[in-house]
Amino acid sequence: MTFNPTWARSQPPAKDPATFHAVANPCVASQRRTSLGQAGKHAAAVLAATAALWGVGAGTAQAAEGQLRIAQQYGIVYLLLNVAQDQQFIEKQGKAQGVDIKVIYLQFSGGPAVNDALLSGNVDIAGAGVAPLFTLWDRTKGKQNVKGVASLGNFPYYLVSNNPQVKTIADFTDKDRIATPAVGVSVQSRVLQYASAKLWGEQHYQRLDKLQVALPHPDAAAAIIKGGTEITAHFGNPPFQEVELAGNPNARIVLNSYEVLGGPASSTVLYATEKFRQESPKTYRAFVDALDESARFVQANPEQAADIFLKSGGGGKVDRNLVLQIIKNPQVQFTIQPQNTVGLGQFLQRVGVIKTKPESVRDYFFDDPRISGGN
830 MTFNPTWARS
840 QPPAKDPATF
850 HAVANPCVAS
860 QRRTSLGQAG
870 KHAAAVLAAT
880 AALWGVGAGT
890 AQAAEGQLRI
900 AQQYGIVYLL
910 LNVAQDQQFI
920 EKQGKAQGVD
930 IKVIYLQFSG
940 GPAVNDALLS
950 GNVDIAGAGV
960 APLFTLWDRT
970 KGKQNVKGVA
980 SLGNFPYYLV
990 SNNPQVKTIA
1000 DFTDKDRIAT
1010 PAVGVSVQSR
1020 VLQYASAKLW
1030 GEQHYQRLDK
1040 LQVALPHPDA
1050 AAAIIKGGTE
1060 ITAHFGNPPF
1070 QEVELAGNPN
1080 ARIVLNSYEV
1090 LGGPASSTVL
1100 YATEKFRQES
1110 PKTYRAFVDA
1120 LDESARFVQA
1130 NPEQAADIFL
1140 KSGGGGKVDR
1150 NLVLQIIKNP
1160 QVQFTIQPQN
1170 TVGLGQFLQR
1180 VGVIKTKPES
1190 VRDYFFDDPR
1200 ISGGN
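Residues are numbered in the numbering used here as their position in the sequence shown, beginning at 1, plus a constant of 829.
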């Protein structure tokens, strides 16, 4: 097992989730890394980077048929995007639709930064937790009409603690600090609220919010492995959670997201505005087709998929065997159809986070035969 804490610590600090690097597809010739403190500056930086990569002025970089800007974050949960980029599936499916697609991948940390970029028109497809999707779907009804495009698969998310006294979430005290990508809004934070509501009642769903701190997954993993810091728990995603469990003998699973959500669940999804879907129908269709092709590729080629993920750098320096173990984990399912998402959305509506109650996946995902059968 190898993990590079130095690499992790080189990532942006907790107080600054709006960090990205822009990569022009298909060649990862260079990476742009910028750290900004305000969402507005972040959006401007994304626009400038995107415009530079496309060779246009910052004021004219707009989505159009044949242009696709994808926001993703850290972890193996974005493997389908890694595969699509490596194998150029989007470009391939675009040609089948009669359009040459230029793809740019932008990497962020935290759903709020992703949502800001989507609403400001600086990305076309947003990759984040299903909780940020519910928030945006609810708040943009009748305006941008943001809806889900597809799932990135089903992955169990672990709340890991290195505090020997913490066996369940009821054992956390004011001395503990729980790292999440974004306090109160990330899917990890929302799942923790859902678990708190089930334990203490829905009126106490925010009981553990005061213990949370915003920290990118690489930083949080380094803190859990090192020990002796204020961070005593991390609600992350693969491969960071597995790295923590292997890297610190005191680390243990306190909570599994599947236990809270009722089984295998699509915690990370992709979403877009209605405008993009309507104005770039061929690009949109090519993207969904490419994502579906990526899911089949991973299922058929786990070894090659592991190598693609490691090459992407989305999980730091992780042992290949561990990555392969995650991909082959029977609890991990590579599918673009969302599963076990409605319950979380209905919980968020009951506690007042969103106003609109989702009745089915068709409410908050765009209509597609491969998607609408989900839940």
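Positions of the beta carbon are idealized from the N, C-alpha and C atoms, including for glycine.
Beta-carbon proximity check, Asp-1005 vs Asn-992, cutoff 8 angstroms: Taking the first residue of the sequence shown as 1, we reach residue 1005 at position 176. Taking the first residue of the sequence shown as 1, we reach residue 992 at position 163. Yes, Cβ-Cβ distance for Asp-1005 and Asn-992 is below 8 angstroms.
To the nearest angstrom, report how far apart Asp-1000 and Val-1098 are at their CA atoms. If you number the sequence shown from 1, residue 1000 lands on position 171. If you number the sequence shown from 1, residue 1098 lands on position 269. Cα-Cα distance, rounded: 31 angstroms.
Less than 7 angstroms between C-beta atoms, sequence neighbours within five positions excluded: which residues of the same chain meet that for Pro-970? One-based indexing of the sequence shown puts residue 970 at position 141. Note that residue 970 is Lys in the sequence shown here, rather than Pro. Within the same chain, Lys-970 has close Cβ partners Thr-1185.
Cβ distance (whole Å) where Val-1083 is taken to contact Thr-997 below 8 angstroms: If you number the sequence shown from 1, residue 1083 lands on position 254. If you number the sequence shown from 1, residue 997 lands on position 168. Right, the Cβ-Cβ distance comes to about 6 angstroms (below 8 angstroms), so this counts as a contact.
Per the DSSP calculation, Ala-900 is bridged to which residue(s)? Taking the sequence shown and counting its residues from 1, one reaches residue 900 at position 71. According to DSSP, Ala-900 bridges with Leu-935, Ala-955.
Proximity below 8 angstroms, CB of Asn-974 to CB of Glu-1103: Working through the sequence shown from its first residue, we reach residue 974 at position 145. Working through the sequence shown from its first residue, we reach residue 1103 at position 274. For Asn-974 and Glu-1103, yes; Cβs fall inside 8 angstroms.
By the 10 Å Cβ neighbour count, where 16 or more other Cβ atoms means buried, how is Thr-1009 classified, buried or exposed? The residue given as residue 1009 occupies position 180 in the sequence shown. Counting Cβ neighbours within 10 Å, Thr-1009 comes out buried, since at least 16 surround it.
Between Asp-1148 and Tyr-903, what straight-line distance do the alpha-carbon atoms span, to the nearest angstrom? On the sequence shown, position 319 is the one that residue 1148 refers to. On the sequence shown, position 74 is the one that residue 903 refers to. Here the C-alpha atom of Asp-1148 lies approximately 16 angstroms from the C-alpha atom of Tyr-903.
So, do the region 1125-1136 and the region 903-919 have three or more beta carbon pairs nearer to each other than 8 angstroms? With the cut-off at 8 angstroms, the region 1125-1136 and the region 903-919 touch.
How about Ala-900 and Leu-948: are their beta carbons less than 8 angstroms apart? As a position in the sequence shown, residue 900 is number 71, starting the count at 1. As a position in the sequence shown, residue 948 is number 119, starting the count at 1. Taking the C-beta atoms as reference points, Leu-948 is found no nearer than 8 angstroms to Ala-900.
Would you mind reading off the limits of the beta strand (DSSP E) that contains Phe-1001? Sequence index remark: in the sequence shown, residue 1001 carries index 172 (1-based). Taken as a continuous stretch (DSSP letters only), Phe-1001 belongs to no beta strand (DSSP E), as it is neither H nor E.
Given this structure, state the Cα-to-Cα distance separating Val-928 from Leu-1040, to the nearest angstrom. Translated into positions along the sequence shown, residue 928 becomes position 99. Translated into positions along the sequence shown, residue 1040 becomes position 211. Those two C-alpha atoms are separated by around 49 angstroms.
Can you grab the Cα-Cα spacing for the pair Ser-1123 / Thr-1002, in whole Å? Within the sequence shown, numbered from 1, the residue matching residue 1123 stands at position 294. Within the sequence shown, numbered from 1, the residue matching residue 1002 stands at position 173. If you take the alpha carbons of Ser-1123 and Thr-1002, they lie about 43 angstroms apart.
What's the gap between the Cα of Lys-921 and the Cα of Ile-1183? Residue 921 sits at position 92 when you count from the first residue of the sequence shown. Residue 1183 sits at position 354 when you count from the first residue of the sequence shown. The alpha-carbon atoms of Lys-921 and Ile-1183 are separated by roughly 38 angstroms.
How about Ile-1007 and Ala-1062: do their beta carbons lie closer than 8 angstroms? Taking the sequence shown and counting its residues from 1, one reaches residue 1007 at position 178. Taking the sequence shown and counting its residues from 1, one reaches residue 1062 at position 233. In contact: Ile-1007 and Ala-1062 (Cβ atoms closer than 8 angstroms).
Tell me the rounded alpha-carbon separation between Ile-1060 and Asp-1197. As a first step, residue 1060 is located in the sequence shown; it is residue number 231 there, counting from the start. As a first step, residue 1197 is located in the sequence shown; it is residue number 368 there, counting from the start. Taking the straight line from one Cα to the other gives about 42 angstroms.
Would Pro-1045 pass as an interface residue toward chain B - the criterion being a Cβ-Cβ separation below 8 angstroms? No chain B appears in the structure shown, which is made up of a single protein chain.
Thinking C-alpha only, which one of Val-1171, Ser-1096, Glu-1071 is nearest Val-989? Along the sequence shown, read from residue 1 onward, the residue named residue 989 stands at position 160. Out of Val-1171, Ser-1096, Glu-1071, Glu-1071 has the C-alpha closest to the C-alpha of Val-989.
Can you give me the C-alpha to C-alpha distance between Val-1180 and Val-1014, rounded to a whole angstrom? For the purposes of this step, residue 1180 is taken as the residue at position 351 of the sequence shown. For the purposes of this step, residue 1014 is taken as the residue at position 185 of the sequence shown. Between Val-1180 and Val-1014, the alpha-carbon positions lie close to 14 angstroms from each other.
Applying the 10 Å Cβ sphere with the 16-neighbour rule, what's the burial state of Gln-1032? On the sequence shown, position 203 is the one that residue 1032 refers to. Taking all protein chains in view, the Cβ of Gln-1032 is surrounded by fewer than 16 other Cβ atoms within 10 Å, so the residue is classified as exposed.
At which residues does the beta strand (DSSP E) containing Ser-980 begin and terminate? Taking the sequence shown and counting its residues from 1, the one referred to as residue 980 is at position 151. Ser-980: member of the beta strand (DSSP E) spanning 976-980, first to last residue.
Which same chain residues end up closer than 8 angstroms to Ala-960 when comparing Cβ atoms and leaving out the 5 residues on each side of it in sequence? Your numbering for residue 960 matches position 131 in the sequence shown. Gly-940, Val-1014, Ser-1015, Val-1016, Ser-1018, Arg-1019, Val-1020, Leu-1173, Leu-1177, listed in sequence order.
Span of the beta strand (DSSP E), counted from its first residue to its last, around Phe-1064: Taking the sequence shown and counting its residues from 1, the one referred to as residue 1064 is at position 235. First-last of the beta strand (DSSP E) with Phe-1064: 1062-1064.
Which residues does DSSP pair with Ala-1008 in a beta bridge? On the sequence shown, position 179 is the one that residue 1008 refers to. Bridge pairing for Ala-1008: Val-1042, His-1063 [DSSP].
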